[in-house]
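Chemist: Below is one structure. I have some questions about it.
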Amino acid sequence: MALIASPAALAVAILLAFAPSAFGFFTPQSGGSPNADSIDTLYKIVLYIALFVFVVVEGALGYALYKFRARRGRVAKQTHGNTRLEIAWTGAAVAIVVVLAVITFIKLGSIINPVNSDPSGAKLVGQTGVFFASAEKRLPPDHKALEIEVIGKQFVWQYVYPGAINKDGLGAPYTYEQMVVPTHTTVLLKAISEDVVHSWWIPELGGKIQVIPGRPNYTWFKIDKPGIYRGQCANICGRGHARMIASVRAIPPAQFEAWLARQKRWLAEANAEAAKMRANLESKKGPASVLNP
Amino acid sequence: MATYAAPIPQVSAHKVDREQRGFISWLTTTDHKKIGIMYMVTTFIFFIMGGTEALMMRLQLGEPENTLIAPRVYNELFTMHGTTMIFLFVVPMMAGLANYFLPLMIGARDMAFPRLNALSYWLLLAGGLVFYASIFWGPPEAGWVSYPPLSEIAFSPSGGQDAWIFLIHLTGISSILGAMNFYATIANMRCRGMSWGRLPLFVWTILVYSVLIIFAMPVIAGAVTMLLTDRHFGTHFFDPAMGGSALLWQNLFWFFGHPEVYIMVLPGFGIVSEILPVFAKKPIFGYKAIAASSVAIAFLGFLVWAHHMFTTPTPIVVLIFVMLSSFLIAVPTGVKIFNWIGTLWEGSIEFKTPLLFSAGFIALFLIGGISGVFLAVFPVDWQLNESYFVVAHIHFVLMGGAVFTIFAAIYYWFPKITGRMLNETLGKASFWVMFWGFLATFLIQHVIGLDGMPRRVYEYANVGNLGLYNLISTVGAFILGFGILLTIINVARSVKHGAIAGPDPWKANTLEWFTTSPPPVNNFDVIPRVRSAEPLKDYRLEIEKATAPRVPVPAGSGADSESGHLGA
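If you read the protein sequences in the order shown, they are chains A and B. If you're matching positions, the first sequence starts at 1 in our numbering and goes up one per residue. If you're matching positions, the second sequence starts at 294 in our numbering and goes up one per residue.
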């Protein structure tokens, strides 16, 4: 019977042992973006309430099992219930749930609402034109953010940056797998899938969003510390699911602008080169013609 | 008064069929007990298959970047594992237990529709065979949730996905027919005196289980039919390129999927509510609250499906509603746990194996319930959803919850089914090995998920301690498997060599213990009139009163008079 009570004690002991130094053992990853930090704080509050409930209820169970084990001369008390007690513990359960709801509402805003970019943030913010806020898409108070489109496809992530060269909106710079973003800048992600359901998840930059075809999903982050933040597709998307990795490289705004300009230049050069080759091919007559072979 | 003659029964039989024996008797039976045994044996075989699939997955995950199992095979394994455990083990195992014990517990001689009952079983078996036949041409790979477009023909061309669809159809019809049968039986065939307030709590939960199945199963049946026509007949229900919606599937699936969770665990709640009073030697604490909370859970269970979809593009106001309704479910569930502890309180608890499994269930299910509250807080869910935290949560709820109660039921009712006791030493060993193996496997998976490992991946990079944590989980899984093996050995041995049980080895409270073990074909020759929720306890007390010798009470010993006959 002592063995039944021991898992509870063991679990608490493990938690206490890890609590001061490595609380991260039992908390989600955070530290990359304010929304991830707010989720982490909310999680910890829920964890404390949960630990309290866990210790009280498992404790009561273990105590009852140990204390009221069959022994010579013990006669079970023939009670059928206790209405007052039952109302009391129903009320206690409701109270805990209400507290959880209130705390969630308090923290909710800082998780779902993007913050403004720092003054040092990239000048590119807001260049993509008018934002239409919807139920799912939220904007920072100054309505300025760097909007990057995340495209999920089996089994790679593609990121399309603002700054289309062509008038029809095409020709925007893009990368695969690694997203490059400026620090101190609010980045809005608009995610859409080209094929099956995927899920965008960089744990240190906040929660997941499901990436499905036909309906865009939105999230945001703002990174202050340069570095590489890693994650991977979180929704089963086929045989290559485990290899559908993603990373976000945050670099200072000036470097980012240089990087983006370089991407644009390379893209323009490649397009020009391709146009030249196409013209060359199209001009060929006879057997080498690509138009009417 | 006794002057007129008793009426003469007018029975005439043209022909009496000879009782079938052997193999044919099992094929043709409509006896609820035989059907129940077939259900339980079949589903347990599926349980072993699903468990083997789980162990193969754990082997692959035992070390980082392992190449033991190919990605395709890994995807097939987790799809088969989830589907098997849910549709071919837990739900039909509960139906099997209910099949055997529900008529006995309400003092009926069979189910309301015995032949329909047999059909339910054969449809279940057909579903299982169709599904497992797919291993000969390529099993499904899209997970047990089969989200389109991945499950559409463009991305899953293999017929395995169709086998999955037919499994859902066949087991779904089986479950719906079974549920209608249970409902009709409970509503119409209770013996004299068994009012709703005296119905055994297991029967209450089967009643709620039936209602849930009748409401939820047609929805999934419709959804998989739409998937089938999408795959083969040119419709585009789930194809956004043609005006369909990929999100529609998730709504339909989880409208069924969440009640399905309660379909799986509610009968387990019932089993525990039967076992605890017997081994604590006390009446159940708060009968009405436990019965009512089952109904409340069932009702709320239909309002929370979107908490499986917190990361989809859905307006925040919907997420808030679903979060609050999910919170609410914690209240009746908590009430049940408190009532079970109340039942143990001030009892005289005998630590037989059924009680161990029941107490273990409460301890583990509580952890599953608490992690469920984390998942209900939707911003927190954004971090935990689709990660190993969720894998840990569902296993605490379904393995620690439903499976531990099924094992409690096996140890509790095996004597009634076979007439022989299971070995206690082996049973206790099985419990402790399973309990610690379970914790080793799944407690650490919370941390694996928090460290960023998504579910359904066939490999992972060794970031941080992921390799170590996964190794712990794999070792735990094999310990857990060994614990289950001990029970299988126990059952195999005891069926022939166990101690003879007699009609009522546990001194239990409900009517199934009134008849012989195993019960005769007609269950009861006479049924005692039911006067409370514990008819057999009343019956025992009556006999004790009638047969106890009158002991003269010495003066001044009033305190002893309460338990006077016990000392005699």
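Cβ atoms here follow ideal geometry from the backbone N, Cα and C, with glycine treated the same way.
For the alpha helix (DSSP H) holding Q210/A, just list the boundary residues, first then last.
Modeler: Careful: Q210/A lies outside any alpha helix (DSSP H), inside the beta strand (DSSP E) at 209-211.
Chemist: Judging by CA-CA distance, which residue of F339/B, I663/B, Y393/B, I461/B is the nearest neighbour of T323/B?
Modeler: Residue Y393/B is the option with its Cα nearest to T323/B.
Chemist: Run through chain A and tell me which residues come within less than 9 Å of R365/B, C-beta to C-beta.
Modeler: Residues of chain A passing the Cβ test: R239.
Chemist: Using a Cβ cut-off of 9 Å, pull out every chain B residue sitting near D195/A, in sequence order please.
Modeler: P442, L443, A447, F448, listed in chain order.
Chemist: Around the C-beta of M519/B, are 16 or more other C-beta atoms found within 10 angstroms, so that it is buried, or is it exposed?
Modeler: The residue in question, M519/B, is buried, as its Cβ has 16 or more Cβ neighbours within 10 Å.
Chemist: Kindly indicate which three-state DSSP category V670/B falls into: helix, strand or coil?
Modeler: The answer is coil: DSSP assigns V670/B none of H, G, I, E or B.
Chemist: Hey, out of G240/A, P141/A, N82/A, P252/A, whose CA is closest to T185/A's CA?
Modeler: Comparing Cα positions, the closest option is P252/A.
Chemist: Per the DSSP calculation, W220/A is bridged to which residue(s)?
Modeler: In the DSSP output, where bridge partners are listed per residue, W220/A has L188/A.
Chemist: Looking at the secondary structure, which residues open and close the beta strand (DSSP E) in which I236/A lies?
Modeler: Looking at the DSSP string, I236/A is not in any beta strand (DSSP E), and its letter there is neither H nor E.
Chemist: Show which residues of chain B have a CB atom less than 9 Å away from the CB atom of S199/A.
Modeler: Within chain B, the residues near S199/A are T604, N678, E679, P747.
Chemist: With DSSP collapsed to three states, give me the class of A172/A.
Modeler: Residue state, collapsed to three classes: coil.
Chemist: Residues of chain A with CB under 8 Å from P576/B, in chain order?
Modeler: Those within 8 Å of P576/B in chain A are Q78, T79, H80.
Chemist: Runs of 3 residues minimum, wholly inside the segment 583-619 of chain B: which ones carry the beta strand (DSSP E) assignment?
Modeler: Here no run is fully enclosed.
Chemist: By DSSP, does A2/A sit in helix, in strand, or in coil?
Modeler: Because A2/A carries a pLDDT of 49, less than 50, the predicted location of this residue cannot be relied on, and no value is offered for it.
Chemist: With a cut-off of 8 Å, does the C-beta of V115/A fall near any C-beta of chain B?
Modeler: Judged by the 8 Å Cβ criterion, V115/A is not in contact with chain B.
Chemist: By the 10 Å Cβ neighbour count, where 16 or more other Cβ atoms means buried, how is E282/A classified, buried or exposed?
Modeler: Exposed, by the Cβ-count rule.
Chemist: Please list the partners that V46/A has in chain B, where partner means a Cβ-to-Cβ separation under 8 Å.
Modeler: Near V46/A (Cβ distances below 8 Å), the residues of chain B are V666, F667, V670, V673.
Chemist: Should F54/A be flagged as near chain B, meaning a C-beta pair shorter than 8 Å?
Modeler: At least one chain B Cβ lies under 8 Å of F54/A.
Chemist: Which class does F131/A belong to by DSSP, given the choice of helix, strand or coil?
Modeler: Low per-residue confidence applies at F131/A: pLDDT is 46, beneath 50, and the placement is therefore not dependable enough to give any value.
Chemist: Tell me which same chain residues have a C-beta within less than 8 Å of the C-beta of P606/B, skipping the five on either side of it?
Modeler: Correct list, in chain order: L540.
Chemist: Could you say if the segment 380-394 of chain B and the segment 327-346 of chain B meet the contact criterion of at least three C-beta pairs nearer than 8 Å?
Modeler: The segment 380-394 of chain B vs the segment 327-346 of chain B: in contact.
Chemist: Going by CA-CA distance only, name the one from M602/B, A702/B, F771/B, V684/B that's closest to F217/A.
Modeler: Looking at the sequence itself, residue 217/A is Asn, so the reference to Phe does not match. Out of M602/B, A702/B, F771/B, V684/B, M602/B has the C-alpha closest to the C-alpha of N217/A.
Chemist: Kindly confirm or deny that the segment 54-66 of chain A and the segment 230-238 of chain A touch, where touching means at least three C-beta pairs closer than 8 Å.
Modeler: The segment 54-66 of chain A, when compared against the segment 230-238 of chain A, does not touch it at the 8 Å Cβ threshold.
Chemist: Give every residue of the same chain whose Cβ lies closer than 6 Å to the Cβ of L370/B, excluding the five residues on either side of it in the sequence, and list them in chain order.
Modeler: Excluding residues within five positions, the ones whose Cβ falls inside 6 Å are E346, M349, M350.
Chemist: What runs of the alpha helix (DSSP H), each 4 residues or longer, lie entirely inside the segment 402-471 of chain B?
Modeler: With a minimum length of 4 residues, the continuous alpha helix (DSSP H) runs that stay inside the segment 402-471 of chain B are 407-426.
Chemist: Look up P385/B in the DSSP assignment and say whether it is helix, strand or coil.
Modeler: P385/B falls in the helix class under three-state DSSP.
Chemist: From the DSSP output, in three-state form, read off K225/A for me.
Modeler: Note: K225/A maps to coil in three-state DSSP.
Chemist: Should K284/A be labelled buried (16 or more other beta-carbon atoms within 10 Å of its own) or exposed?
Modeler: Exposed.
Chemist: Any chance the segment 138-148 of chain A sits against the segment 697-710 of chain B, with 3 or more Cβ pairs inside 8 Å?
Modeler: No, they do not touch.
Chemist: Taking 8 Å as the CB-CB limit, is W638/B close to chain A?
Modeler: It does: the Cβ of W638/B has a partner Cβ on chain A nearer than 8 Å.
Chemist: In angstroms with no decimal places, state the Cα-to-Cα distance between Y414/B and F475/B.
Modeler: In a straight line, the C-alpha of Y414/B is about 13 Å away from that of F475/B.
Chemist: Determine, for Q178/A, whether the minimum Cβ-Cβ distance to residues of chain B falls below 8 Å.
Modeler: No, Q178/A does not count as interfacial toward chain B.
Chemist: Within the 8 Å Cβ cut-off, does M616/B reach chain A?
Modeler: True, the Cβ-Cβ gap to chain A drops below 8 Å.
Chemist: Who are the Cβ neighbours of M487/B in its own chain at under 7 Å, not counting the five residues just before and after it?
Modeler: These residues qualify, in order along the chain: I399, G400, V823.
Chemist: Apart from the five residues on each side of it in sequence, which residues of its chain come closer than 7 Å, Cβ to Cβ, to P821/B?
Modeler: For P821/B, where only same-chain residues beyond five positions count, the Cβ hits under 7 Å are F807, P828, Y832.
Chemist: Whose Cβ in chain A lies nearer than 9 Å to the Cβ of G579/B?
Modeler: Within chain A, the residues near G579/B are H80, G81, N82, T83, L85, E86.
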